[in-house]
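In my numbering, the protein residues as written are 845 to 1030. Take a look at the structure set out below.
Set out below in structure tokens:
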């Protein structure tokens, strides 16, 4: 997919144009799940800022106090095929707040993408991570990916449980004993 002009955000592919879902979580609360858009930049920054230091460490495999502009640029860089993200939004005080995000990015290995999912602390244990990942897995399959991997801290129990529930296989990272690799054949 090509951009209409340099610097312009990519157009939604036809299969995603207008895609959004209103999902009910296990506690009855509802979220809007849709592809990440450029106008979500401020929400993405706020979402990362609200994460606890431990959640940032688990998500990014390292700690930092504030997300750099370069990190935000990287997270916002989606083309809806090789780099994809779905956000979960909830109404809070008359505004939409990002409460979760799932994303994948193509790797150097043909047919493989690396994924990540993050849910705001106050939205955990409601099934949101599962919903975000199911949308991501479905799109990865439709985009022709054959395998999805996730590199995670070995002590990330929430990701271990989610990955197991979704059918990922877990193994220790041979290059880093503090990490594991979750793999799902699509």
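Beta carbons: idealized from backbone N, C-alpha and C, even for Gly.
- For the pair residue 931 and residue 1019, the Cα-to-Cα distance works out to about 31 Å.
- Residue 908 carries a coil assignment under DSSP once its states are collapsed to helix, strand and coil.
- Counting other Cβ atoms within 10 Å of its Cβ, residue 1008 stays below 16 and is therefore classed as exposed.
- In the structure shown, residue 1020 adopts extended strand secondary structure according to DSSP, grouped into three states.
- Only residues of its own chain outside the window of five on either side were considered, and among them 948, 957, 992, 1030 have a CB closer than 7 Å to the CB of residue 984, listed in chain order.
- Residue burial annotation: residue 908 is exposed, with fewer than 16 other C-beta atoms found within 10 angstroms of its C-beta.
- DSSP places residue 922 outside any alpha helix (DSSP H), giving it a letter other than H or E.
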